[in-house]
Amino acid sequence: MTQTQPKTWDVAVVGAGMAGMAASLFAAERGLSCLQIGNGGGLLFASGLLDLLAVHPVAGRRLWDNPFEALAMLRRDQPDHPLARVDDATMRAAFQSFTTALGAAGMPYAPPGDRNANVLTSLGTAKPTYGVPRTMSAGVGALAGRPPCLLLDFRGLREFSARQIVATIGDRWPGLRMARVEFPGAETTAELYAAHMAVALESGDFRERTIARVRPLLGDAHAVGFPAVLGLARSGAVHAAFEEALGVPVFEIPTMPTSVPGLRLNSALEQAVVTRGVHRMLRANVTSAAFDGTAVLTLDGVPGGETVSARTVVLATGRFTGRGLTAGQQRVTESLLGLPVQQPASRAAWHSRDFLDPAGHAVNRAGLATDDEFRPLESDGRPAWPGLFAVGSILAGQDWMREKCGAGLALGTARLAVDRIARQLGVPGPLAEAG
Ligand SMILES: Cc1cc2nc3c(=O)[nH]c(=O)nc-3n(C[C@H](O)[C@H](O)[C@H](O)COP(=O)(O)OP(=O)(O)OC[C@H]3O[C@@H](n4cnc5c(N)ncnc54)[C@H](O)[C@@H]3O)c2cc1C
């Protein structure tokens, strides 16, 4: 560690998925010294779409156009849901800061408003979401208005089939057609990889050759949809170049994981937190923690081993795939600190008999119970440590995949926890002043 780094950090964030990134970003924006530990989580698989809340209740599969109305209903129906603890102003501020930071890091989003947008997926279905990358936003209007439209795919790119999309939705979108083109330079290649194509399209030569193959196919198309391969670090510029050259709105359609927008999101967030002064220990894992006046975290993956100390800790270690929760023979446990996990009474109750039960499976709602500030609770109902907070998908009482609230959960809980941390540490800000 260099001498400019504090001996005791204001905040140590454990985890680098969507929730850990959001917490680090918000902490740095509040002027808190922040150490982030851990490598990329589910972000690499993310679609780039930022869901706030689209489905409630899950059993009825009720879809909402206005995510804030959905939140109001959720607060009434499930007051223990983590999102029910996040007020609208905090949620709006979280999305505003997050998308502004992503825009500055080269991944611009359409300004977040009051509505969910429907985005065309690679399955030909419509996915309701809240935050839409600019490279995908023309597709929202195309899906809503259904003018004549051309969808393109590339021979050899397995994770995306324009033919499949047209087969699924074509009967409700008469002017929708597809074409398959050869990716320049890959005419004899059997298999294409989205990330390689995205990098190649950042070169003017590849771009112009691709555009030259697409232009004769335009016909009466009012818009053109591509798989999400239009650039990696410079997607804004690549997308703009395609629109200018083709003379019609161009939109990306998210592909199956590992997705290029997930890679973009990960690297834009890395850039956003680092430029705001967050110190990242990418290759480290937290192996244990001791709490007294400050928290002392023990790390591995660091040459020689190391401990770090922090006034507050944000646990953003995710669920089973993130490693925050561990499923044992009988019980779900919290992997790092052994915190109590709210869960079904027995393993037999983890899953519904019906795999496709619209209400989901109880184990997907297992996680940490917290107070209203997102401090995990011990079994006696008291916070485990006054400066320990938990955010994102490790929290109990939510099923982010079914509720379509992954980013809302990560951003909203991270924002609220960081606001409380700032207040606890006496840092001036909206909540500190109000308090
Ligand atoms: C396939 C897929 C599709 C998605 N699509 C969408 C979408 O369409 N819309 C949307 O809004 N969101 C989407 N998401 C993202 C989703 O919102 C988030 O991944 C989810 O909310 C979980 O985020 P998280 O940060 O809580 O956990 P994770 O992403 O699981 O991150 C946990 C992190 O903690 C780290 N960690 C765990 N233990 C330790 C330790 N001891 N020390 C250090 N680090 C540790 C892990 O390495 C990881 O970095 C998608 C995710 C996936 C996987």
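The opening residue of the sequence shown carries number 1 in the working numbering; numbering runs sequentially from there. Just so it is clear, CB atoms sit at the ideal spot from N, CA and C, and this is done for glycine as well.
Residue burial classification, residue i (beta-carbon count within 10 angstroms, cutoff 16)
| i | result |
| --- | --- |
| Arg311 | buried |
| Thr189 | exposed |
| Gln330 | exposed |
| Pro128 | buried |
| Val181 | exposed |
| Gly324 | buried |
| Pro376 | buried |
| Phe160 | buried |
| Glu433 | Only weak support exists for where Glu433 lies, its pLDDT of 42 falling under 50; the coordinates are left without a value. |
| Ser379 | exposed |
| Glu187 | exposed |
| Phe355 | exposed |
| Asp10 | buried |
| Ser137 | buried |
| Gly262 | buried |
| Ala89 | exposed |
7 Å CB neighbourhood of residue i in its chain, flanking five on each side removed
| i | result |
| --- | --- |
| Ala28 | Cys34, Val273, Arg276, Gly277, Val278 |
| Pro112 | Phe95, Gln96, Thr99, Tyr130, Gly131 |
| Asn266 | Gly40, Leu43, Leu44 |
| Ala327 | Phe320 |
| Ala93 | Arg415 |
| Ala390 | Leu315, Leu368, Thr370, Phe374, Pro376 |
| Arg437 | Since the displayed the chain opens at 1 and closes at 435, residue 437 lies outside it and no answer follows. |
| Ser288 | Thr298 |
| Tyr109 | Thr99, Leu102, Gly103, Gly131, Val132, Pro133, Arg134 |
Residue i Cβ short of 8 Å to ligand 1 heavy atom set
| i | result |
| --- | --- |
| Ser47 | yes |
| Lys7 | no |
| Ile253 | no |
| Trp400 | yes |
| Ala228 | no |
| Leu245 | Rather than Leu, the amino acid found at residue 245 in this sequence is Ala. The answer is no for Ala245. |
| Val14 | yes |
| Gly338 | no |
| Leu269 | no |
| Gly236 | no |
| Gly412 | no |
| Pro257 | yes |
| Thr287 | yes |
| Asn364 | no |
| Ser24 | no |
| Arg415 | no |
| Ala27 | no |
| Thr129 | yes |
| Leu120 | no |
| Met18 | yes |
CA-to-CA distance, residue j to residue i, given in whole angstroms
| i | j | result |
| --- | --- | --- |
| Phe68 | Pro303 | 47 Å |
| Gln271 | Ala105 | 6 Å |
| Phe211 | Gly40 | With the sequence shown as reference, residue 211 is identified as Ile, and Phe is not the correct amino acid for it. If I take the Cα positions, the gap works out to 34 Å. |
| Cys149 | Ala46 | 26 Å |
| Ala19 | Gly219 | 44 Å |
| Phe468 | Val250 | As displayed, the chain neither begins before 1 nor continues past 435, which places residue 468 out of reach and without an answer. |
| Gly156 | Ile253 | 17 Å |
| Asp77 | Leu63 | 15 Å |
| Leu297 | Ile37 | 10 Å |
| Pro340 | Leu368 | 7 Å |
| Gln342 | Ile394 | 11 Å |
| His222 | Leu74 | 39 Å |
| Ala200 | Arg207 | 8 Å |
| Gln424 | Thr125 | 45 Å |
| Gly8 | Ala422 | The residue asked about is misnamed: residue 8 is Thr in this sequence, not Gly. The alpha-carbon atoms of Thr8 and Ala422 are separated by roughly 15 Å. |
| His196 | Ile169 | 29 Å |
| Leu123 | Ala167 | 9 Å |
| Leu388 | Arg146 | 49 Å |
| Gly48 | Ala240 | 18 Å |
| Met107 | Leu230 | 12 Å |
Close-in-space but distant-in-sequence residues of the same chain around residue i (CB under 6 Å, 5 per side omitted)
| i | result |
| --- | --- |
| Ala179 | Leu152, Leu217 |
| Glu373 | Arg420 |
| Thr2 | Any reading at Thr2 needs caution, since the residue's pLDDT is 44, under 50, leaving its predicted position unreliable; the model's value is listed next. Nothing listed; no residue qualifies. |
| Leu71 | Leu53 |
| Leu120 | Gly139, Leu143, Ile253 |
| Trp385 | Phe291 |
Proximal residues to residue i (C-beta, below 8 Å), its chain only, five neighbours per side dropped
| i | result |
| --- | --- |
| Gln398 | His81, Pro82, Leu83, Arg365, Gly367, Cys405, Leu409 |
| Ser352 | Ala359, Gly360, His361, Ala362 |
| Asp164 | Contrary to the premise, residue 164 reads as Gln rather than Asp in this sequence. Excluding sequence neighbours, Gln164 sits near Ser122, Leu123, Gly124. |
Task: Ranges of the alpha helix (DSSP H) found wholly within the segment 16-103, counting only runs of at least 4 - done: 18-29, 67-77
Open item on the list: Please give me, in chain order, every unbroken run of the alpha helix (DSSP H) with length at least 4 that falls completely inside the segment 313-362.
Closed with: none
Open item on the list: Quick check for students: name the residue ranges of the beta strand (DSSP E) that lie wholly in the segment 228-286, counting only runs of 3 or more.
Closed with: 250-253, 279-281
Open item on the list: For a minimum of 3 consecutive residues, which ranges assigned as the beta strand (DSSP E) are wholly contained in the segment 165-193?
Closed with: 176-181
Task: Start-end ranges of the alpha helix (DSSP H) lying completely within the segment 198-232, minimum 4 residues - done: 204-214
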